[in-house]
Amino acid sequence: MKNGGHAQPFRKTRQAACGLLSACVLLSGCGGHLNDVREVSAELHRRTGHGLSESEPGEVVWPPGVSPANGLSEDELVTLALWNNAAFQEALADLGLSRADLVQARMLPNPTLWMLFPVGIKPLELLFRYPMEAFWLRSRRVESAALDVERIAQGLVQNGLDVIRDARLASTDLVLGEERLRLAGITAQLARDIADLSRARLSAGDATELEAMNAGVDARQAEEQHIRWRHEADIARERLRTLVGLGLEHWPSIIEAGPLPLAVAPDADHLVKEALAARPDLRAAEMGLEAVGERIGLAHWEMFTVMAILSTKDVNGQTVSGPGLDVALPLFNQNQGGIAKARANLEKAARFYNTVRDRIVLEVRTASSRLNQARESHGQWQNRILPPLTEAVQHAEKAYAAGNVSYLFVLETRRKWLDASLGAAVAAADLRRARAELERSIGRSLDRPSQISNVSPS
């Protein structure tokens with residue numbers, strides 16, 4: 002009889018534990034793949050036309066149809082950067098961490114079992130304890146964790162926009178570096194020709210020793226600049242190679258420059274309005290503000306702890322059970338520190354939101370002004386500076402063929418044209434950079450539809 006009375010509480014204990022475990026499984030739901038980035042990829046594609054691809058750590062993923070043997074365009078480099086950039090892939094893992102926190106917030110806590118074994122005349126005694134406050138705190142914790150997931154996701158979208166901008170800037174730097182190297186090589190050869198011609202004129206008595214010496218110094222300076230630009234091009238190549246995740250992979254010999262943005266951008270005020278409505282980092286700051294607000298309410302409720310108790314013991318061979326409560330009275334500790342910290346975090350989050358908003362306004366207006374300046378400068382080089390110099394080179398060559406000018410005059414005219422060509426290449430690179438910065442500052446490609454109608458205002 003006594004042994005049977007001891008076994009009955011254990012059977013009840015097992016049944017209660019199984020029932021509670023089943024309830025926890027149902028409440029937790031199916032989390033799926035925690036680091037699924039499809040939503041971030043879809044949002045990036047909507048804004049820029051470029052998405053993401055999941056890969057294993059250390060794996061290099063090539064987009065379909067893209068091969069280093071055929072060279073890489075700027076858009077292909079952007080896709081490679083989004084798919085393979087190590088720092089960005091590391092940041093994407095934060096999404097899985099935040100979703101794990103959300104799964105944990107949905108979970109109900111486990112009950113505790115307090116048990117005294119029957120030794121001597123001491124009967125078996127079981128005590129189940131369960132924190133009842135978990136039921137009314139769970140919804141707030143889930144809401145706060147869900148806001149954190151959304152905040153992380155929006156931050157990753159902004160991170161992706163930064164990667165796109167960085168890939169375009171690095172590609173522009175490499176294209177400019179290679180063009181600068183090409184022009185520097187021509188200029189160095191031209192300077193050597195001028196130096197040789199000056200020495201020949203010195204021997205013939207048509208030039209002074211000072212003129213020949215100056216021409217030789219110019220030739221050595223041009224050669225030094227050619228060597229320097231070669232190293233600068235190598236540095237730009239390695240920077241771009243690492244940025245797109247191909248540091249240990251085959252690197253193509255051809256990098257194609259992106260198209261020049263010749264169309265006039267919308268008004269700066271319109272772009273500011275769009276950026277404030279659509280920038281992911283501002284939305285992330287807003288989500289952070291809402292999450293902190295949820296934590297303030299949670300901090301007020303966390304002062305109350307209520308334990309539900311079920312006591313079971315064997316009394317004279319019979320099982321006696323009864324419920325009870327263990328309530329902590331918040332007489333002294335009312336979670337004042339937790340509430341104060343939550344309020345301080347709310348103030349910090351609000352100020353951070355204002356900081357992000359003001360930074361966005363500055364970035365958009367600055368990028369818009371730089372794009373307009375770069376477009377005007379590029380137009381000046383292409384329409385008013387290069388054409389007359391190109392024509393001057395043609396006239397100088399015709400005049401030399403007719404015997405009206407010396408060959409030195411032709412070489413000097415060509416050198417001026419080369420200097421102007423370098424200036425035009427720099428202006429084109431500045432125009433590409435300005436567009437990349439503006440697209441990042443408004444949160445979308447200028448070729449994509451405006452985001453204002455698709456995003457609710459803050």
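Numbering-wise (the numbering used here), the sequence shown opens with residue 2 and increments by one. Heads up, the beta-carbon is just placed ideally off N, CA and C, and yes, glycines get one too. Given the structure is predicted, the values throughout are model-derived calculations rather than measurements.
Residue i - DSSP class collapsed to helix/strand/coil
i	result
L1	With the chain covering only 2 through 459, there is no way to say anything about residue 1.
A189	helix
L28	Interpretation of L28 is limited by its pLDDT of 37, a score under 50 that renders its predicted location unreliable; no figure is taken from the coordinates.
R449	coil
N373	helix
P132	strand
I310	strand
G66	coil
L387	helix
W115	strand
I153	helix
S322	strand
I256	strand
D37	coil
V61	coil
V316	strand
Sequence-distant residues of the same chain with beta carbon closer than 6 Å to residue i, five excluded per side
i	result
R130	T113, M308, I310
R441	L162, R166
R193	A220
W230	R181, L182, A185
A171	R240, L241, L244
L53	V38, S42, L83
L78	A168, S172, V245
D431	A375
A258	V176
H1	Outside the shown range of the chain (2 to 459) lies residue 1, about which nothing can therefore be said.
R139	none
S312	L128, G323
A24	Its pLDDT being 37, under 50, A24 is placed unreliably in this model, and the value from its coordinates should be taken loosely. If we look at A24 and ignore the five residues flanking it on each side, it has no Cβ neighbours.
Residue from the options with nearest C-alpha to residue i
i	options	result
T391	A264, A285, T414, R433	T414
P388	I361, R48, K417	K417
K1	R449, G380, V293, Q226	Here the chain comprises residues numbered 2 to 459, so residue 1 is not present and cannot be evaluated.
L249	I340, N86, T188	N86
G156	I122, E44, P64, I228	E44
S254	E210, A269, D235, G246	D235
V357	V62, A279, R449, L83	A279
E1	N36, R436, A402	Examination of residue 1 is not possible in this model, given that the chain is present from 2 through 459 alone.
P450	S42, R48, Q337	R48
V164	E438, K314, V176	E438
L103	S199, I153, A223	I153
K342	W115, Q383, R296, N160	R296
A106	L299, R371, Y354	L299
V158	G50, R202, T320, I187	G50
V394	A421, Q381, A368	A421
N334	W302, I361, Q381, E398	W302
N71	H251, L198, D149, F136	H251
W115	A368, L128, D149	L128
G424	G404, A400, Q381	Q381
D448	L73, P260, V61, E40	P260
L419	A223, E134, P119, D95	A223
Any C-beta of chain C under 8 Å from that of residue i
i	result
V406	Going by chain labels, chain C is absent from the structure shown, which holds only one protein chain.
Own chain partners of residue i with C-beta closer than 8 Å, once the 5 adjacent residues on each side are dropped
i	result
I122	none
A208	S199, R202
L27	Caution applies to L27, whose pLDDT of 35 falls short of 50 and renders its modelled position unreliable; the model cannot decide the point.
V406	A397, A400
Proximal residues to residue i (C-beta, below 7 Å), its chain only, five neighbours per side dropped
i	result
R344	I297
P124	K314, D315, V316
L347	V293, G294, I297
S369	A266, A269, L272, L439
V150	S99, R100, L103
A92	L157, N160
Counting only runs of 4+ residues fully inside the region 262-294, write out the alpha helix (DSSP H) ranges in chain order.
-> Restricted to the region 262-294, the alpha helix (DSSP H) segments that are unbroken, complete and at least 4 residues in length are 269-279, listed in chain order.
Is the region 264-277 touching the region 364-377, taking contact as three or more C-beta pairs under 8 Å?
-> At 8 Å Cβ cutoff, the stretches touch.
Complete alpha helix (DSSP H) runs within the region 71-98 (minimum length 4 residues, chain order) | The qualifying runs are 75-85.
Decide yes or no for the touch test of the region 207-216 against the region 267-278: beta carbon pairs closer than 8 Å, at least 3 of them.
-> As far as the Cβ criterion goes, the region 207-216 does not touch the region 267-278, which means the pair count is below three.
Sequence ranges, beta strand (DSSP E) only - wholly within the region 202-243, length at least 3 | Correct list: empty.
Is the number of C-beta pairs between the region 404-413 and the region 130-148 that are closer than 8 Å three or more?
-> Because the criterion of three Cβ pairs below 8 Å is not met, the region 404-413 and the region 130-148 do not touch.
Could you name each continuous alpha helix (DSSP H) segment of 4 residues or more that falls completely within the region 378-438, going from the start of the chain to the end?
-> Whole alpha helix (DSSP H) segments, 4+ residues: 387-402.
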